[in-house]
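Q:
Protein chains in written order, with our numbering: chain A, 1 to 792; chain B, 793 to 1120.
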C-alpha cells in the first residue's frame, strides 16, 4: 500500500516518460545515481570523520614531537646544570675558585644555550659569574635577594624562572638548582641563564602545514616562543585563549594529555589548536592551524568524491543511454513497424536482428503482420463481395418507385434478396397487431406444400414473439439443433439453416423477413450484421414505398380536387351569369315601372335586390377572373413589361385623373409571360394603390431589378399602408381588411395577382410599415428562350 | 694638456658606463630572484660560503633558481657608495651587506630593497635599525656583538697567554665600529689591569708605519679591532706578528686559519647561514621589519696550535679543553 502510494506520488512528482527507452535510461541512470548517493551518504561522513580524526591526530603528533624536543632540550640543560651544580658545590666547599671557574667554563662549553652561569649564597649574593659575552672582570657581583629566581631557587631543587626578552630581542630564562643541603641549611644555589633561541627555531621548523603555527606559553599564558618571532617580541599573552586557559588553569596540567579547542587568533583567523603541558619549566606547547587549512584536505576529499561521483553518474547515464538505446532500438523498430502497418503498409517487416526475446518478438510480429496481411486481403475480398452484394441490392431496390403493385414489387425484392444472400427461399410477412395474424406480403422459393404449413399467426413463446419483442434477429445455422426455433417442420422441406430478420418500419417491428437455406450452417451469427443491414434496408424500402404511395395518392387527390374546384368555379360563375343577368334585368325593369307605385318599403326592397344582384355579378365576374387565371391562361411568350404597363395605365386613365395620382416607372424588362395576365397584375396593383389612398394624391412608382435568375418588380405607393401581420392574408380569396363602406371591392384582386405570379413561376409579397405607403413586390423568371440574335 | 684631460674624461665616462650598466653576471640575467652581496672582501669569504650553503639548504641554488651577485669592494672605503649604487642598480630582491660601514652605505643608497646585514656589531647603536625587535625599515640581519665582545675576547686572550700586561690595538680611525670596539677594550683592560697600546690609523700607510714602529711591537699580544681597513691588511699583519712571535687574538676563525693565534666570536660561516635564513624568509615574502635582528647563534673559541708553537707559546690543558676548535 505504502509502495503504491509512493509510486503514485513519484508519478505525480516526476512524470514518467512513455518511451521504453527513456524509462530504461532513467531506470539505469537512476539506479546508478541512487547507488552513488548511497555510497556518498555512507562513505562521505566516514571519510570526513576520518580526515578530521587524522588532522587531530596530526596536530597531536606534532605537539607531542615539539614537546619531546623541548623536553629533551630541557632535560639536557637540567642535566648539565645539575652536574655542574654538584661540581660547583664541591669546588666552592673546598674554596677552589679556579675550580669553580673551570666548572663554569665547562658548562658554557656544554651547550650554546648557556649564556651565563653563576652561584648565589644563601643570602642571594652573587659569589661567582661567568658569561659567554662579557669578561668576568667586567662583572660587578650582584645582589639577587629580591629576584624571583633566587627565592624560588632556594625553595625548589630545580626552578625555571620566568622567560624574559632582552634588549637584543632574545628570550632567556634562568634555571636554578639548589646545592644539597647540609644540616638542614641550603648552602647556595647555582643558576644558568639559558638562551631559548633554540625554542624559536624549533617552532619554525615544526609545523603541521605551511599555515600552521607552533607556540609555547609559560605558566601565565605569556608567549615565550613562536614560529613568528615578532609575536614573542610583542610579549603577548595568550591566557585568554580557551585551550591555553584550560591548560594553565588545570589543577594538574600534566594529567591532561591534550587540550583541543578553537579560537580566533590575533590575526582574526579561526583556528583549531591542540596543546599539552611540559613538565619542568611549566610551559604549554600548542600548535594552531587555520580551520580553512585544516579542512582543506577534507574539502579536497569531499570535492574529489563529489567530482568522482558526478563523473561516475555521468558515465553511468551515458552507459544507460547507450544500453537503453541499444535495448530499445529493436522495440522502437517494432513500434515503428506497428505504426507503418497501422497506416496500412502491411508489407512492412521488422528486422529480427537478435536471437533473444526481442528477436523472437520481432519474428512473431512479422508472422502476425503476414497473417494480418493475409486476413486483410481476405477481408478486403469479403468487404468487396459484400459491397458488391449491397450495391446490387441497392441497385435492385432503388427503382422500386415504379408503378407496379406492392406484392409484385416485394416479389421482385425477395428475388433480389435471394440473389444477394444466396438463400434458397425468402418471405416477408407482416402482422396485424390486433389479431396477431400474419399476412404474407410476398414469398419466393418455398414449396407450395411448405407454404401451406407456414405460420399464420404469432404464437406465444415462439421465436417470432422474441423477434417482435426485442427487435433482434434469430439466425440459426442448424435449425434442428437450435432450441430457440420451436417449429421444426421447415426441415421437412429440406431447409436446414434459417434467418428471421425483423422488418422495422418507423422504429417498430412490423413483420419478419424470413430467409432459408438448404445448406447446413449457411446462416451464422457472423452474418448477423450483414443480414441486419439488409433488414434495415428492407424496412426503409417498405417505409419509402408506403410514403411514396401516400404522396402519389395525395397528389392525385389534390389535383383532382383542384380541377374539380376550378371546373366548379368556372362553371358556377359562368353558368350563374345568365340567371343573374335575368334577375338584375327584371329587377331593374320592376324598379323602373313600379317605382313610386308601391309603398316606400317596396321601393327600398327593390333597391336592395338590384344592389345585391349587381354585387353578386361583380363577385361572379371576379371569381370568374380568378378561375380563368388557371384555366384560360394563354401560352407564355416574350412580353415587354413596359408596353404592358403603358396599356394598363391607359385603361386606368380615368381613375388616375380622378384621384390625381402620379405614376412613375423605371425601364421594365421583357419577360416570358401572358401579356393579358401581366396587364391584369399591373392593373390590380396600381388600381389598389389608387383605391387605398389617404388624403394625399397617390404617388405610385413602378420599378424592376435583376436578382440572379429573376426580375424583381416593385409597385410602391404612398397610400394607407398595410399592417405587416396581414401581409399574408391579403393574398387569399375574398379576404378584406376594410369594410365595403370604407373601400369598395370583392377582396379577390390580390388573390388573382398571386395566382398570376405563381402561374409564371414567381412569388409576390408586400412590405409596409402599416402607417403609410406599401410596396408590392413580385418576381418573374428572367430567362428567355434562346433566339439567335436576340439577347436580354 | 687639454687633450690629455679630454682623454681622461672620456675614459672615465666609459668606465663609469660599463661599471654602471653592464650586468654583473652576463648570461644569467633572466634568472630571478637576485640576491646581491656587498662585501668588503678580504677575510669574509667563509661568510659567503655560509650564505650559499644556507640558501642551498632552503632550496635556492645559485644559477638555477636564483642569482647570487657579489660586489666585492676589496676594502675600498672611498668607492663604497659608488659600489653600493652599482649593486642597487641590479635591482636585487635582497641585498646582503657585510660589516657596519658597508651596511650604512647600502642603507643610504636604497630605502626599498630589503637588506640583510651581518657582521654589524650593534645596529641600534649605529642607527641602522630602530631596535632589535623590529628595524621599522627595509633592514634586518645578524648582529655580531663584536664591540661588546671585546672584553670577553681580551679575557680569553689572557687565559691563553698568561701574564699579559700590554696589548697592542690598531684602530681604524675612520670607522666608528672600530672606535667603539676600542672603547669596550679599554674599559675591560683597565679592570683587568692590562695596558692597551692603541694606535689609530687612517690609511694603509699609517698601518704599515705602526708595523714598523718598534715601540708598538713591544707588547705581550696584539688585539684585533675589526675594521675594513685592517681586514684588507690582515695577512701582512699576521705574518708580521708571527715573525716577531707576538700572539695575535682576532674575532674570526678565518684569520686563525691564516695564522693568527686565537679567535673568539661568531663564526663567519655561521653568520652566513643565519643570514641565509633571513634571506630565504624575505624571498618567501616576509617583510624585513617583521624579522627581528638576530644575535649570533654561538661564539667559538679557536686556537691555532701551529702558531702557538711557532711563537713558542705553551697553552694550558684546561684552555685547550674548552676550545671549540684547535687548528694544527
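Where a beta carbon is used, it is the ideal one built from N, C-alpha and C, also for glycine.
Using the three-state DSSP reduction, which class does residue 677 of chain A fall into: helix, strand or coil?
A: helix
Q: Roughly how many angstroms separate the alpha carbons of residue 655 of chain A and residue 693 of chain A, rounded to a whole number?
A: Taking the straight line joining both Cα atoms gives about 12 Å.
Q: Checking the sheet assignment: what are the DSSP bridge partners for residue 130 of chain A?
A: A:117
Q: Measure from the C-beta of residue 171 of chain A to each C-beta in chain B and report whether the shortest distance is under 7 Å.
A: no
Q: Quick one: is residue 283 of chain A buried, meaning 16 or more other Cβ sit within 10 Å of its Cβ, or exposed?
A: buried
Q: Tell whether a beta-carbon distance below 7 Å holds between residue 285 of chain A and residue 259 of chain A.
A: no
Q: Closer than 9 Å by beta-carbon distance: list the chain A residues that pair up with residue 937 of chain B, in chain order.
A: 133 and 168
Q: Strictly under 7 Å for the Cβ-Cβ distance: is residue 105 of chain A near chain B by that measure?
A: yes
Q: If you drop the 5 nearest sequence neighbours on each side, which residues of the same chain put their C-beta closer than 6 Å to that of residue 104 of chain A?
A: 117 and 130
Q: Terminal residues of the continuous beta strand (DSSP E) containing residue 159 of chain A?
A: Unbroken beta strand (DSSP E) run through residue 159 of chain A: 158 to 165.
Q: Under 7 Å Cβ-Cβ, which residues of chain B neighbour residue 60 of chain A?
A: Neighbours of residue 60 of chain A on chain B: none; closest Cβ ~28 Å, over 7 Å.
Q: Can you grab the Cα-Cα spacing for the pair residue 678 of chain A / residue 606 of chain A, in whole Å?
A: 39 Å
Q: What separation, rounded to the nearest whole angstrom, lies between the Cα atoms of residue 602 of chain A and residue 736 of chain A?
A: 32 Å
Q: Using a Cβ-Cβ distance cut-off of 7 Å, determine whether residue 178 of chain A contacts chain B.
A: no
Q: Taking 7 Å as the limit between beta carbons, can you name the residues of its chain near residue 350 of chain A, skipping five residues before and five after?
A: 333, 334, 337, 362, 365 and 366
Q: Please name the residue or residues paired with residue 793 of chain A in a DSSP beta bridge.
A: Past the edges of chain A, shown from 1 to 792, lies residue 793 of chain A, and the structure says nothing about it.
Q: With a threshold of 7 Å between beta carbons, is residue 109 of chain A in contact with chain B?
A: Yes, residue 109 of chain A counts as interfacial toward chain B.
Q: Do the CB positions of residue 1083 of chain B and residue 1075 of chain B come within less than 7 Å of each other?
A: no
Q: Extract the residue ranges of the beta strand (DSSP E) inside the region 879 to 918 of chain B, only unbroken runs of 3 or more that lie entirely within it.
A: Under the rule that a run must span 3 or more residues, the beta strand (DSSP E) segments found entirely inside the region 879 to 918 of chain B read 886 to 890 and 907 to 912.
Q: So, helix, strand or coil for residue 517 of chain A, using DSSP?
A: strand
Q: Are the beta-carbon atoms belonging to residue 570 of chain A and residue 659 of chain A less than 7 Å from one another?
A: no
Q: Using C-beta distances below 8 Å, list every residue in its chain close to residue 39 of chain A, excluding the 5 sequence neighbours before and after it, in chain order.
A: 309
Q: Compute the distance between the beta-carbons of residue 150 of chain A and residue 159 of chain A, then report whether it is under 7 Å.
A: no
Q: List the residues of chain A whose Cβ lies closer than 8 Å to the Cβ of residue 984 of chain B, in chain order.
A: 135 and 137
Q: Got a sec: which bits of the region 1030 to 1057 of chain B sit with their beta carbon under 7 Å from any beta carbon on chain A, in order along the chain?
A: none
Q: If contact means a Cβ-Cβ distance below 8 Å, which residues of the region 257 to 290 of chain A contact chain B?
A: none
Q: Using DSSP with H/G/I as helix, E/B as strand and the rest coil, what is residue 1115 of chain B?
A: coil
Q: Would a C-beta distance cut-off of 7 Å place residue 169 of chain A and residue 233 of chain A closer than the cut-off?
A: yes
Q: Which term fits residue 815 of chain B, buried or exposed, when burial requires 16 or more other beta carbons within 10 angstroms of its beta carbon?
A: Annotation note: pLDDT 44 at residue 815 of chain B (below 50); position unreliable, coordinate value reported separately. Exposed, since its Cβ has fewer than 16 Cβ neighbours within 10 Å.
Q: Would you kindly check if the distance between the Cβ of residue 411 of chain A and the Cβ of residue 510 of chain A is under 7 Å?
A: no
Q: How big is the Cα-Cα spacing for residue 401 of chain A and residue 624 of chain A?
A: Because the pLDDT of residue 401 of chain A is 43, which lies under 50, any placement of that residue in the model is unreliable, and the number read from its coordinates should be weighed accordingly. So the two alpha carbons sit approximately 39 Å from each other.
Q: Got a sec? Which residues, its chain only, sit under 6 Å from residue 178 of chain A by beta carbon, not counting five neighbours each side?
A: 157, 186 and 189
Q: Residues in the same chain with beta-carbon distance under 8 Å from residue 1104 of chain B, minus the five sequence neighbours each way, listed in chain order, please.
A: 1037
Q: Roughly how many angstroms separate the alpha carbons of residue 578 of chain A and residue 590 of chain A, rounded to a whole number?
A: 18 Å
Q: On a CA-only basis, which of B:1116, B:1081 and B:1086 is nearest residue 906 of chain B? Give me that one, please.
A: B:1081
Q: Just to check my reading of the structure: residue 341 of chain A and residue 348 of chain A have Cβ atoms closer than 8 Å, yes? What is that Cβ distance to the nearest angstrom?
A: Taking C-beta atoms under 8 Å as the contact rule, residue 341 of chain A and residue 348 of chain A qualify, at a distance of about 6 Å.
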